[in-house]
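Trainee: Residues -17 to -1, 1 to 136 (mature numbering (1 follows the signal peptide of the UniProt record, and there is no 0)) make up the sequence shown, in order.
Heads up, the beta-carbon is just placed ideally off N, CA and C, and yes, glycines get one too.
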Amino acid sequence: MSRLLPLLLLLAMPALAVIETYQFSDPALERRYQALSEELRCPKCQNQNIADSNAPISQDLRRLLYEQLEAGATDDEIRQYMVDRYGEFVRYRPRFSGATAMLWLAPLLLLAVGLVIVVMTLRGRGKPTEAADLSEDEQRRLRALMEKADQDQ
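1. Out of Asp120, Leu12, Ala84, Asp35, which one is the CA nearest neighbour of Leu23?
2. Apart from the five residues on each side of it in sequence, which residues of its chain come closer than 6 Å, Cβ to Cβ, to Ile33?
3. Suppose you measure from the CA of Gly107 to the CA of Asp133; what does that come to, to the nearest Å?
4. For residue 177, which of Arg126, Gln29, Met129 has the nearest alpha-carbon?
5. Quick one: Cα of Glu60 to Cα of Gln17, how far?
6. Does DSSP put Leu23 in a helix, in a strand, or in coil?
7. Would you mind giving the Cβ-Cβ distance between Arg14 and Leu52, rounded to the nearest angstrom? I have them listed as a contact below 8 Å.
8. From which residue to which residue does the alpha helix (DSSP H) around Gln29 run?
9. Would you decide whether Leu48 is buried or exposed? Buried here means 16 or more other CB atoms lie within 10 Å of its CB.
10. Please report how far the alpha carbon of Leu94 lies from the alpha carbon of Met85, in whole angstroms.
11. Cα separation between Leu91 and Gly55?
12. Whole angstroms are fine: how far does the CA of Val99 sit from the CA of Ala89?
13. Quick check on Arg74: does DSSP put it in helix, strand or coil?
14. Thinking just about the alpha-carbon of each residue, which of Asp135, Val73, Ser8 is nearest to the one in Lys27?
15. What is the residue span of the alpha helix (DSSP H) that Asp58 lies within?
16. Can you give me the C-alpha to C-alpha distance between Met129 and Glu121, rounded to a whole angstrom?
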């Protein structure tokens, strides 16, 4: 039992995490807050949005997001502020630009290459491969082998 208690305390640690609650002046602001906090990526965690991350930077970003919403900033202004400060990486869906073109176009390019490979493979199956030109000696040996095979049957 004495060994079980520390284990249970360790398992309860996530329950001690601080969850901020903000009082919004308008329910629409709260909905925008939820949407934006799920759209912005935690600069530290990288695979979590700021809504799901408990990293201190995410807590700061959530507080900043709340303050900007209450101050009357638009969603685009908030996104632009975050991009200016943390780079395009902070967005889960980066804008299409020269720097992010490969992110957006890579799936299409890979699909096109795959289709070309499939088409070329299927075309190659339909056509019999052409035998190389045989010398007269090779042709004689081939005829002899075919005649022998016919006789054996």
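Mentor: So, from the listed chains and residues:
1. For this step, residue 23 is matched to residue 40 along the sequence shown. Ranking the options by Cα distance to Leu23, first place goes to Asp35.
2. Within the sequence shown, numbered from 1, the residue matching residue 33 stands at position 50. Excluding residues up to 5 positions away in sequence, Ser20, Leu23, Cys25, Ser41, Leu44, Arg45 lie with their Cβ nearer than 6 Å to the Cβ of Ile33 in the same chain.
3. Here residue 107 refers to the residue found at position 124 when the sequence shown is read from its first residue. Here residue 133 refers to the residue found at position 150 when the sequence shown is read from its first residue. Looking at the two C-alpha atoms, the distance is approximately 31 Å.
4. The structure shown does not extend to residue 177, since the chain is modelled only from -17 to 136, so the question has no answer here.
5. Position 77 of the sequence shown, counting from 1, holds the residue named residue 60. Position 34 of the sequence shown, counting from 1, holds the residue named residue 17. Distance between the alpha carbons of Glu60 and Gln17: 16 Å.
6. The residue given as residue 23 occupies position 40 in the sequence shown. Per DSSP, reduced to three states, the secondary structure at Leu23 is strand.
7. The residue you call residue 14 lines up with position 31 of the sequence shown. The residue you call residue 52 lines up with position 69 of the sequence shown. About 10 Å separates the two Cβ atoms, so there is no contact after all.
8. If you number the sequence shown from 1, residue 29 lands on position 46. That residue, Gln29, is in no alpha helix (DSSP H); it is neither H nor E in DSSP.
9. As a first step, residue 48 is located in the sequence shown; it is residue number 65 there, counting from the start. It counts as buried.
10. For the purposes of this step, residue 94 is taken as residue 111 along the sequence shown, with counting starting at 1. For the purposes of this step, residue 85 is taken as residue 102 along the sequence shown, with counting starting at 1. When rounded, the distance between both Cα atoms is 14 Å.
11. Counting from 1 along the sequence shown, the entry for residue 91 is found at position 108. Counting from 1 along the sequence shown, the entry for residue 55 is found at position 72. Approximately 39 Å, taken between the alpha carbons.
12. Locating residue 89 in the sequence shown gives position 106, where the first residue counts as 1. Locating residue 99 in the sequence shown gives position 116, where the first residue counts as 1. C-alpha separation (whole angstroms): 15 Å.
13. Position 91 of the sequence shown, counted from the first residue, corresponds to residue 74. If DSSP states are grouped into helix, strand and coil, Arg74 belongs with the strands.
14. Along the sequence shown, read from residue 1 onward, the residue named residue 27 stands at position 44. The shortest Cα separation from Lys27 among Asp135, Val73, Ser8 belongs to Val73.
15. Within the sequence shown, numbered from 1, the residue matching residue 58 stands at position 75. For Asp58, the enclosing alpha helix (DSSP H) begins and ends at 58 to 69.
16. Here residue 129 corresponds to residue number 146 of the sequence shown, with the count starting at 1. Here residue 121 corresponds to residue number 138 of the sequence shown, with the count starting at 1. Their backbone Cα atoms lie some 12 Å apart in a straight line.
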